[in-house]
Structures are given as C-alpha cells and as structure tokens.
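Comments concern the structure below.
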Amino acid sequence: MANLVSIKSLKDGLSIKLDPEADFNEVYSDLCDKFRESAKFFGEAKVVVTFEGREITNDEEQALIDGITLNSNLTVLCVIGKDEEKNERFLRASNTFVNSGDTTDGQYYRGTLRAHENLETDTSIIILGDVNPGASVTSKGNIVILGTLYGTAKAGSGGNTGSFVVTLDMKSARVEIADVVSEVVLRASVFTKNKITPRISYINGREIVTEEISRDLLNNLPI
C-alpha cells in the first residue's frame, strides 16, 4: 500500500497529513496501521491533533479519531485547524495552562454543553468540546475550553481574581471572573472567520481583558 498517511509530532500534539487523492477507506486503513505499529512509541498520552492534506467531513474526522484511539493508547482531546503557527501556539499555551495552579487537581469534561445546560465545579476544569449559546460553565478555579465558547464561562467563582478563562476559539460570549463581568463580542472578517484564534481572559486592574495568546503574553501575564 502507498504511504497515504504521515504523522508529525508537535509538542503535546500530532499533525497528520492525509493523501488528497486516495479513497478515504484506504486512508483510514493506513492511519490505523500507522498508529497500531507506533502504539508503544506514543505510549499513553492526551493529544491535540490536526488533519492536513485533504478536506474531510465531520463523519470522516470522527472515523479518523476512532481509528487513532482504537489502535493506540492515545486520547484525542480535540481537533484543531490548519494554521500551523496558531496550532503550535495553542498547544504550547494549553500545556502551560492545564499544568498551572490548581488545574492539576481539576476535572475534564468531554462533550459539548448545549443551551440551558450548566456545569459547575469546585476545581479547575478542562472542557473537551464547545460551550454553546445559552450554556454555562462555572468553576472556582480556571477554565480551559478546548473548543469554542459561545455561552458563559465563570471562573474564580469563589472570589479568586487570579483565575482565568482560556479558549481555543471565542465567539460572542459572557466571561465572568470573581465578581467582574465582561461581554465579549468578536466580529470576524471574511479573512478570519474560519481561523482558530486561541484567547485568554483575565483580570487586569478591575477589568477583564481578553487577548490573543502569544509568547510575549505568556511571559508577562499579570496573574
């Protein structure tokens, strides 16, 4: 069989290049073979992945994720987009935030929070999915959303002004930290509407600031 799948390791993630012309079933079979053969090399880990090289449907994406998890000991946290620079930036940032402060004693929630669903926790939490309009997540610690925030995120609900909210992507949303509230409305242009823009919200003074994640920001966060 031709080499239909190539795998590149990133920090805390994998970039998977798919042959653009081959039949999807053949691509899927090659991906399963690659991860089965490399299972010992990858070990047990939670990873973020990006698929490149061809357009895939949601069903095909899910099939590829299942192929990875069934043929290795990896857990796929989420799939991110094609912008390699932003992908690597988010991978670095998410690793920093997930392992900072009390997030080591936090929780994972896998799935999308839908309208009228409310998730509350006394620890920091990582959401492996979206927070849809009308849904909310409340934490006494930090909130990391490996998906899109459309609804409400309330961090530091016990009064911790040093808490933060990190999102893989943020649309119109309501962010609360301690007793400070911010309505975040981000308007996408035709050039940016399909791009993932990882952001962090934190308190600076008495206001919530929401910024794109960058190396300079990570090195100088006032929290």
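Numbering of the sequence shown is given in the numbering used here, commencing with residue 140 and proceeding in unit increments. Glycine included, C-beta positions come from ideal geometry on N, C-alpha and C.
Contact set for residue i: own chain, Cβ-Cβ below 8 angstroms, skip 5 residues either direction
i, result
"L267", "L216, C217, Y247, Y248, R249, G250, L285, G286"
"N212", "A178, F181, G182, E183, A184"
Beta-carbon proximity list for residue i, same chain, < 6 angstroms, skipping 5 on both sides
i, result
"T277", "E259, K293, S296"
"K279", "D261, S296, G297"
"H255", "G273"
Residue i to residue j span [Cα, whole Å]
i, j, result
"P159", "T196", "13 angstroms"
"I347", "S302", "11 angstroms"
"T291", "S311", "9 angstroms"
"L203", "L157", "11 angstroms"
"Q201", "G344", "43 angstroms"
"T243", "D205", "Bear in mind that a pLDDT of 44 at T243, under 50, signals an unreliable position, so the number given afterwards is only what the model happens to contain. Each residue's Cα considered, the two are about 27 angstroms apart."
"I264", "R175", "31 angstroms"
"I282", "V304", "5 angstroms"
"E165", "T189", "19 angstroms"
"S340", "S275", "16 angstroms"
"R193", "E322", "37 angstroms"
Enclosing beta strand (DSSP E) for residue i [first to last residue]
i, result
"R249", "246-249"
"E176", "No beta strand (DSSP E) holds E176; the alpha helix (DSSP H) holding it covers 163-176."
"T208", "Looking at the DSSP string, T208 is not in any beta strand (DSSP E); the run it does join, the alpha helix (DSSP H), is 197-209."
"G152", "152-157"
Residue range of the unbroken alpha helix (DSSP H) whose run includes residue i
i, result
"L258", "L258 -> not in any alpha helix (DSSP H); beta strand (DSSP E) instead, spanning 257-260."
"L143", "Per DSSP, L143 belongs to no alpha helix (DSSP H) and is neither H nor E."
Any non-hydrogen atom of the ligand SAM closer than 7 angstroms to residue i Cβ
i, result
"V270", "With respect to small molecules bound, the structure shown includes none, and the ligand SAM cannot be examined in it."
Helix, strand or coil at residue i according to DSSP, with G and I counted as helix
i, result
"T287", "strand"
"D308", "strand"
"F330", "Residue confidence is low: F330 scores 39 on pLDDT, short of 50, so the model does not pin down where it sits. Its coordinate-derived value is still stated next. F330: coil per DSSP, three-state reduction."
"K279", "coil"
"D241", "Its pLDDT being 44, under 50, D241 is placed unreliably by the model, and the measurement read from it follows with that caveat. Looking at D241 - three-state DSSP - the assignment turns out to be helix."
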